[in-house]
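Chemist: In this note's numbering, the protein residues as written are 2 to 222. No residue lacks a Cβ here, since even glycine has one placed at the ideal position from N, Cα and C. A quick note: this is a predicted structure, and the numbers were derived from the prediction, not measured.
Here it is in structure tokens:
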């Protein structure tokens, strides 16, 4: 359905490549990114671009909201049950996608925010893919998970589509989709970069503190 030559983050290219199956394509992308452990898809930019290009694509913003919200909630369900069924066995050191580091980051995010992490994590690439898995691994009660999952899925989709509708009313934005996509990608990955820098700084400080010999023993013996 989609030409393999289209870059993963080229949301506009994906939408046009879907052709008459554009709503199905949106649903598949959102579903996979939400919980099928493949985070390298243009979730945020896809929804925003779909809202901006809706008239050209022959669809409405409401159709995008309904289809994407259902797909987002369903994707998280898969991630949750994968976590409960297989846990950490899906992840391997040195893996290219299912890395231990990404799971640990998502687990720390889940532990810090609890149920609301399923809402907050929706707005952070990579995190939104692995937080449902972390919830399943942590054996979060399903009824509680389902509540936050639905809230997060609908909130994320509605906010992204609404942003696209608003931006679509600005002629410069509507005529410069490529610039908008680059901006969205940069904003989306910013929290990840900041988090990585913080971890790196913390690891460096820990290493330096271990290298400093105890007071009164300059030789460290």
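Cutting at 8 Å between CB atoms, please list the residues of its own chain near residue 16, excluding the five before and the five after it.
Modeler: For residue 16, where only same-chain residues beyond five positions count, the Cβ hits under 8 Å are 23, 26, 27, 47, 50, 51, 54 and 58.
Chemist: In whole angstroms, give me the CA-to-CA distance for residue 20 and residue 60.
Modeler: For residue 20 and residue 60, the distance between alpha carbons rounds to 11 Å.
Chemist: If we call anything under 8 Å between Cβ atoms a contact, is residue 13 one with residue 76?
Modeler: No, these two residues do not count as a Cβ contact at 8 Å.
Chemist: Given a cut-off of 8 Å, decide if residue 134 and residue 84 are closer than it, judged by their beta-carbon atoms.
Modeler: In contact: residue 84 and residue 134 (Cβ atoms closer than 8 Å).
Chemist: Does the Cβ-Cβ distance between residue 1 and residue 74 come in under 8 Å?
Modeler: For residue 1 there is no data in the structure shown, the boundaries of the chain being 2 and 222.
Chemist: Here's a check: name, in chain order, each residue in its chain whose Cβ is nearer than 6 Å to the Cβ of residue 11, leaving out the five neighbours to either side.
Modeler: Here the set comprises nothing.
Chemist: For residue 11, does the three-state DSSP call read helix, strand or coil?
Modeler: In this structure, residue 11 counts as coil in the three-state DSSP scheme.
Chemist: Which first and last residues belong to the alpha helix (DSSP H) in which residue 63 is found?
Modeler: Here the alpha helix (DSSP H) through residue 63 covers 62-87.
Chemist: Taking the alpha carbon of residue 30 as the reference point, which residue from 159, 44 and 140 has its own alpha carbon closest?
Modeler: Answer by Cα proximity: 44.
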